[in-house]
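The listed protein sequences derive, respectively, from chains B and H.
By this note's numbering, the letter at position 41 of the first sequence is numbered 41, and the numbering carries on one by one without gaps.
By this note's numbering, the letter at position 138 of the second sequence is numbered 138, and the numbering carries on one by one without gaps.
Even for Gly, the Cβ is constructed at its ideal location relative to N, Cα and C.
Structure first, then comments.
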Amino acid sequence: MENVKEKLTGCFALVFPDLDPAQYETASAQNMGDWDSIAQLRLLTAIGEAFDREIDFEEFEGATSFEALEKALQVQ
Amino acid sequence: MRFEEALRIVSRRTGGKTRTVHLFCGFVPLHLETFLKAHLALRFPEQNIALKTGLFGDLEGNISQAAAEGAEGSVVILEWSDLDQRLGFRTSSGWSAQTLSDIVLQVEEKLRRLEAGLILLASHLPLALAPPTIGLPPFSYLPPSQAGDSELQLNALLAGFLHRLASHEGVRIVSAALLAVTSPQSARHDTKMDLRAGFPYTVTHADALAELSARCLFPASPKKGLITDLDRTLWKGILGDAGVEGISWSLEGKSQAHALYQQVLASLAESGLLVAIASKNDPAFVEAALRRPDLLIDPARIFPIEAGWGPKSESVGRILAAWNIGADSVIFVDDSPMELAEVAEKYPGIECLRFPSEDPGAILDLLWQLRARFGRNEIREEDRLRLASLRASASLKEASATEAPADFLARLGAKVTFESAAGDPRAFELVNKTNQFNLNGIRYTEAEWKDLLRRPGAFVAMVSYQDRFGPLGRIAVLGGCMRNDLCYVDIWVMSCRAFSRQIEFQSLNWLFEKTQTSEIGFQFKPTDRNGPLQTFFAQCFSGNTPPEGEVVLAADSYKNICPALSHQVEDKWKM
Numbered sequence: 001m002e003n004v005k006e007k008l009t010g011c012f013a014l015v016f017p018d019l020d021p022a023q024y025e026t027a028s029a030q031n032m033g034d035w036d037s038i039a040q041l042r043l044l045t046a047i048g049e050a051f052d053r054e055i056d057f058e059e060f061e062g063a064t065s066f067e068a069l070e071k072a073l074q075v076q
Numbered sequence: 001m002r003f004e005e006a007l008r009i010v011s012r013r014t015g016g017k018t019r020t021v022h023l024f025c026g027f028v029p030l031h032l033e034t035f036l037k038a039h040l041a042l043r044f045p046e047q048n049i050a051l052k053t054g055l056f057g058d059l060e061g062n063i064s065q066a067a068a069e070g071a072e073g074s075v076v077i078l079e080w081s082d083l084d085q086r087l088g089f090r091t092s093s094g095w096s097a098q099t100l101s102d103i104v105l106q107v108e109e110k111l112r113r114l115e116a117g118l119i120l121l122a123s124h125l126p127l128a129l130a131p132p133t134i135g136l137p138p139f140s141y142l143p144p145s146q147a148g149d150s151e152l153q154l155n156a157l158l159a160g161f162l163h164r165l166a167s168h169e170g171v172r173i174v175s176a177a178l179l180a181v182t183s184p185q186s187a188r189h190d191t192k193m194d195l196r197a198g199f200p201y202t203v204t205h206a207d208a209l210a211e212l213s214a215r216c217l218f219p220a221s222p223k224k225g226l227i228t229d230l231d232r233t234l235w236k237g238i239l240g241d242a243g244v245e246g247i248s249w250s251l252e253g254k255s256q257a258h259a260l261y262q263q264v265l266a267s268l269a270e271s272g273l274l275v276a277i278a279s280k281n282d283p284a285f286v287e288a289a290l291r292r293p294d295l296l297i298d299p300a301r302i303f304p305i306e307a308g309w310g311p312k313s314e315s316v317g318r319i320l321a322a323w324n325i326g327a328d329s330v331i332f333v334d335d336s337p338m339e340l341a342e343v344a345e346k347y348p349g350i351e352c353l354r355f356p357s358e359d360p361g362a363i364l365d366l367l368w369q370l371r372a373r374f375g376r377n378e379i380r381e382e383d384r385l386r387l388a389s390l391r392a393s394a395s396l397k398e399a400s401a402t403e404a405p406a407d408f409l410a411r412l413g414a415k416v417t418f419e420s421a422a423g424d425p426r427a428f429e430l431v432n433k434t435n436q437f438n439l440n441g442i443r444y445t446e447a448e449w450k451d452l453l454r455r456p457g458a459f460v461a462m463v464s465y466q467d468r469f470g471p472l473g474r475i476a477v478l479g480g481c482m483r484n485d486l487c488y489v490d491i492w493v494m495s496c497r498a499f500s501r502q503i504e505f506q507s508l509n510w511l512f513e514k515t516q517t518s519e520i521g522f523q524f525k526p527t528d529r530n531g532p533l534q535t536f537f538a539q540c541f542s543g544n545t546p547p548e549g550e551v552v553l554a555a556d557s558y559k560n561i562c563p564a565l566s567h568q569v570e571d572k573w574k575m
């Protein structure tokens with residue numbers, strides 16, 4: 001499970017390079033102005049590569065926070 | 001490149017200047033934007049890359065407005081849906097026979113408007129145009145194995161559009177053939193992403209298209225010379241063993257791949273590439289072999305020919321001296337890994353490529369590599385003159401060894417011509433590729449170059465030269481701007497082919513006279529490679545190379561060091 005968090009953190013660092021790493025775990029589309037639909041697609045593409053799996057964008061549509069993404073990735 | 005790597009690259013910041021490039025397409029650029037930025041960042045590692053994508057959905061409007069915006073170039077990505085939405089996958093307007101006829105008419109009209117906009121844009125900045133990369137939708141009643149009337153008409157319209165645009169300076173069409181190698185048609189369309197988010201490309205296709213577009217817009221400087229081995233390279237067989245008639249390059253001799261190599265060399269030599277031979281062979285045998293009438297490269301285009309039994313690196317050294325260019329501008333081709341290693345050790349900058357004589361497929365790959373290394377956007381008169389002027393320089397060197405330099409130069413019958421270089425693409429090319437006699441080593445983008453020419457008081461002069469050994473063509477550029485009474489020069493380059501003819505002295509004479517100024521300020525910077533310019537400046541500035549910065553040369557002190565010059569001067573330039 002730590003592996004999921006570590007990889008997800010790496011994806012956040014790439015897609016949101018200006019975000020303070022201490023804020024990754026509480027980050028969400030609601031509290032981040034630059035987390036829009038484009039950033040969501042970038043993030044999901046980066047996650048797909050990092051986890052070496054095909055991401056179904058519709059399945060992850062509601063996963064718009066670090067926490068929700070982590071949960072969704074742990075379930076799969 | 002993986003998407004993760006592209007994100008990593010685009011998040012880097014450098015302290016350098018920012019290069020702004022347009023990316024125009026009819027869809028949300030998404031990953032294409034990321035990959036293009038990453039590939040441009042790799043191409044220009046010391047610069048920050050800014051991509052302007054314009055207003056979403058307004059491809060034509062973005063193209064027409066871009067001409068007025070400051071940028072270094074534009075990448076325009078076309079898809080069929082940009083020519084008519086009904087050719088995309090996100091509309092539901094039907095594909096009846098009547099609709100298809102209308103689509104063809106609309107595409108024709110749209111291409112006409114786009115052509116006008118793209119020509120206008122290309123007159124301001126270079127642009128790379130990628131023709132549609134996603135196939136047409138299944139609109140025809142015909143089986144997919146059969147091309148239908150509408151499809152053929154659309155393809156013909158597109159081909160005509162691309163062909164007309166390709167003839168315009170500044171327009172570069174991204175090669176569909178090369179893209180097909182790196183991104184197969186079947187792996188390009190991400191249908192789900194297209195329907196869901198309006199981005200039509202798979203990640204791999206976005207990467208391939210971005211890479212090729214970046215290379216097409218900003219091609220790497222071509223190499224200048226190729227040194228080739230002979231046995232098992234230019235031809236099949238060992239000349240010393242098989243004899244002149246025993247070597248071959250033909251289908252009959254099962255050596256056609258060598259003929260292809262000769263043809264590529266001949267074609268590149270015609271475009272201005274320098275070709276030389278470095279071979280361990282008896283010189284008399286080599287001479288006889290090169291006289292064979294079926295040779296596919298004209299031996300007159302090969303210079304110098306180094307045949308003998310010494311180390312290849314020594315031959316390469318003599319060739320580089322005759323060409324007067326750096327090893328890093330040259331490729332050495334030989335079938336022997338040992339010879340390649342020996343040359344690479346002596347000249348680490350030279351690119352050594354093995355000729356895989358036993359494998360025709362690998363030879364063809366090598367030929368494509370050579371095309372990539374030596375390919376250029378256009379061929380100028382100077383490219384055709386290059387070899388002749390190098391031969392002339394060699395003759396000049398030989399002749400000058402027997403008498404005093406001043407007497408010799410006086411008998412050359414030399415003529416130096418000055419004319420405006422504004423609008424001459426040769427000036428831009430010379431400034432960006434000359435290393436040795438270069439005032440400061442500054443390279444310019446096309447947009448920066450155009451800005452320089454628009455400065456208040458700007459001037460750029462082109463210098464041409466000819467003497468009894470033949471014309472050298474346009475060999476120097478001298479430019480800057482007038483600042484009140486001071487003439488300020490920040491551009492001064494001269495081709496190495498023109499050294500030892502006192503053209504640099506004549507150029508300054510001309511500039512002092514033309515501007516009637518008492519001083520010329522130079523924006524000088526010593527670099528690792530501009531030794532000849534530094535040597536000349538040491539002569540101008542009391543024996544010492546001045547430090548980096550603006551240095552001022554007074555007309556009075558210049559007169560004291562300028563030798564008596566015997567050139568005839570033709571002044572076609574108006575201040």
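Spatially closest choice to residue i from the options, by CA coordinates
i      : options                           : result
V551/H : N440/H, L165/H, A447/H and D571/H : N440/H
G470/H : S64/H, A498/H and V493/H          : A498/H
L83/H  : T34/H, S74/H, P563/H and G57/H    : G57/H
S557/H : T527/H, L508/H, H567/H and G549/H : L508/H
A414/H : E570/H, L30/H and E115/H          : E570/H
S357/H : I442/H, K236/H, R468/H and S250/H : K236/H
H205/H : D528/H, E252/H, F3/H and D335/H   : F3/H
R8/H   : A29/B, F51/B and R42/B            : R42/B
L260/H : A176/H, V275/H, D365/H and I350/H : D365/H
E345/H : L396/H, D207/H and S313/H         : S313/H
E72/H  : R483/H, A447/H, M494/H and V477/H : A447/H
K7/B   : N31/B, D52/B, A39/B and I38/B     : D52/B
Proximal chain H residues relative to residue i, where beta-carbon distance stays under 8 Å
i     : result
L14/B : E4, L7, R8 and S11
Simplified DSSP state of residue i, which is helix, strand or coil
i      : result
W573/H : coil
Q466/H : strand
T18/H  : strand
Q106/H : helix
L472/H : strand
Q256/H : helix
Q568/H : strand
M494/H : strand
R8/H   : helix
F218/H : coil
Y201/H : strand
S28/B  : strand
Cut-off 7 Å between Cβ atoms - residues of its own chain near residue i, not counting five sequence neighbours on either side
i      : result
M538/H : The amino acid at residue 538/H is misidentified as Met; the sequence shows Ala. Contacts found: N544 and T545.
L14/B  : A46
P311/H : E342
Strand pairing of residue i, partner residues [DSSP]
i      : result
T228/H : I277/H and V333/H
L127/H : S74/H and V171/H
Q523/H : E550/H
A461/H : S420/H and L478/H
L385/H : L385/H is not bridged to any residue.
Y488/H : C481/H and G521/H
Contacts of residue i in chain B (Cβ-Cβ under 9 Å)
i     : result
L40/H : In chain order: nothing, as chain B lies at least about 18 Å away.
Residues near residue i by beta carbon distance below 6 Å, same chain, minus five either side
i      : result
S420/H : W573
A122/H : H168, G170 and V171
Q534/H : P526 and T545
K71/B  : none
R86/H  : S93 and I103
Q466/H : K415
A257/H : P360 and I363
Spatial neighbours of residue i in its chain, beta-carbon cut-off 8 Å, leaving aside the 5 residues before and after
i      : result
V264/H : L367, L370 and R371
V174/H : A128, L129, A130, P131, L209, L212, S213 and C216
F505/H : C562, P563 and L565
Residues that residue i contacts on chain C, provided the C-beta gap is smaller than 7 Å
i      : result
H205/H : The structure shown contains no chain C; its protein chains are B and H.
Cross-chain neighbours of residue i in chain H, by beta carbon under 7 Å
i     : result
E49/B : R2, F3 and E4
T45/B : F3, H31 and V203
L73/B : Residues of chain H passing the Cβ test: none, with the nearest at roughly 16 Å.
L41/B : L30 and A197
Chain-ordered chain B contacts of residue i [CB-CB under 7 Å]
i      : result
H168/H : Result: empty, since nearest Cβ-Cβ is about 34 Å, beyond 7 Å.
Listed by chain order, chain B residues near residue i by CB distance under 8 Å
i      : result
R196/H : F57 and E58
Amino acids of chain H, ordered along the chain, whose beta-carbon sits closer than 9 Å to that of residue i
i     : result
P21/B : By Cβ distance, chain H contributes nothing, its closest Cβ being about 13 Å from P21/B, past 9 Å.
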